[in-house]
Amino acid sequence: MILTAPALDRVFLELGPFTIYWYGIIIAFGAILGVYLATKEANRLGLQKDLLIDFIVFAVPIAIIFARIYYVTFEWERYVGGPWWSVFAIWEGGIAIHGAIIGGVLTAIVFSKVRNVSFWQLADILAPSLILGQAIGRWGNFMNQEAHGGPISQSTYESFHQYLPDFIMNQMTIDGVMYHPTFLYESFWNIVVFTLLILMRRYNPLRGEIFLSYAILYSIGRFFIEGLRTDSLYVFGELRTAQVISIIIITVSIILILYRRRATTIRYNDVPITEKKNTHNKKKKRKKKKK
């Protein structure tokens, strides 16, 4: 469908030589809101006061590094023969959420061992914040007019897209062509997943199942939405990387859920025996010091 519509300004603020883009503001807002919700939940469960903040200090930069490595790995042909520094030029675009998730999970595994806390509890607390941050972050793609799908036909527009707000469809009109707002599809799906994960907390599932449900549900949505996008990374030929990774994540997560249902009875709101012992030992030491 061919139209003409002005695009929204990508720039949020210009301060001399420095330019702040809406993309960064939106991503930062999603991250801050996610941290707030996770910290509040950690406090409710009685975890150490600054545990989440300490984890995020390490996790955020590592996740960004992994997101860039992931992207460059699957787009290596774009960087071969170019200036060496282009590999690190994140400001020119090119990070992948799957890479960020991998980096975040690896950081959580190491962090939980060093701090002697349950990895699964940490992952469960963070899962709703992660998917909410992803839902908000997709609107950064909207401002950049990226992560969209193919052109919309006249019949498709009249059957559904004409009911969407004008500012969305105007922004998805690039060089006179209106494209599928796949950023919106994924953002909406992520909000649905966020709601389901919050509801799961009320039923006190086995520890780890909230995070693994996040992995499964997000991957299901990503698999189908990825098929509509025009900027996908490819493993080879027409095989989309994100779809392959989504299938792997779904499969591994289901296996882990089935295994953990046989291996553990600890639930989301429970405190593991090891953590109880550590708390009991700390109380004993405090009593001895008072004496």
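The sequence shown stops at residue 950 when you use the working numbering, and every number in between is there.
Backbone N, C-alpha and C fix where the C-beta goes; we use that ideal spot for every residue, glycine too.
The model shown is predicted, which means the values in this text are computed figures rather than measured ones.
Can the beta-carbon of residue i be found closer than 8 angstroms to that of residue j?
| i | j | result |
| --- | --- | --- |
| residue 721 | residue 675 | no |
| residue 796 | residue 889 | no |
| residue 733 | residue 892 | yes |
| residue 880 | residue 792 | no |
| residue 770 | residue 714 | yes |
| residue 872 | residue 909 | no |
| residue 656 | residue 833 | Lying outside 660 to 950, the shown extent of the chain, residue 656 is not represented and no answer is given. |
| residue 718 | residue 782 | no |
| residue 906 | residue 882 | yes |
| residue 776 | residue 710 | yes |
| residue 806 | residue 841 | yes |
| residue 863 | residue 926 | yes |
| residue 867 | residue 919 | yes |
Counting C-beta neighbours from all protein chains within 10 Å, is the total for residue i 16 or more, i.e. buried, or is it exposed?
| i | result |
| --- | --- |
| residue 897 | exposed |
| residue 729 | buried |
| residue 740 | exposed |
| residue 682 | buried |
| residue 836 | exposed |
| residue 886 | exposed |
| residue 695 | exposed |
| residue 845 | buried |
| residue 735 | exposed |
| residue 861 | exposed |
Suppose you measure from the CA of residue i to the CA of residue j; what does that come to, to the nearest Å?
| i | j | result |
| --- | --- | --- |
| residue 737 | residue 746 | 9 angstroms |
| residue 673 | residue 680 | 9 angstroms |
| residue 668 | residue 913 | 43 angstroms |
| residue 671 | residue 684 | 8 angstroms |
| residue 666 | residue 773 | 48 angstroms |
| residue 815 | residue 904 | 30 angstroms |
| residue 707 | residue 801 | 37 angstroms |
| residue 935 | residue 928 | A caution first: residue 935 carries a pLDDT of 47, below 50, which makes its placement in the model unreliable, though a value can still be read off. So the two alpha carbons sit approximately 13 angstroms from each other. |
| residue 686 | residue 723 | 12 angstroms |
| residue 799 | residue 870 | 25 angstroms |
| residue 884 | residue 702 | 35 angstroms |
| residue 924 | residue 821 | 50 angstroms |
| residue 780 | residue 731 | 32 angstroms |
| residue 778 | residue 712 | 15 angstroms |
Taking residue i as the reference, give the member of the options with the closest Cα.
| i | options | result |
| --- | --- | --- |
| residue 789 | 812, 690, 827 | 690 |
| residue 794 | 765, 850, 777, 860 | 850 |
| residue 875 | 916, 716, 810, 857 | 916 |
| residue 754 | 765, 768, 725, 921 | 725 |
| residue 699 | 921, 842, 784 | 784 |
| residue 857 | 911, 830, 787 | 787 |
| residue 839 | 819, 853, 852 | 819 |
| residue 900 | 758, 776, 862 | 758 |
Taking only runs of the alpha helix (DSSP H) that begin and end inside the segment 872–933, which ones reach a length of at least 4 residues, in chain order?
900–922
Along the chain, which unbroken stretches of the beta strand (DSSP E) at least 3 residues long are found entirely within the segment 763–801?
none
If you scan the segment 697–749 from start to end, which runs of the beta strand (DSSP E) of 3 or more residues do you find wholly inside it?
none
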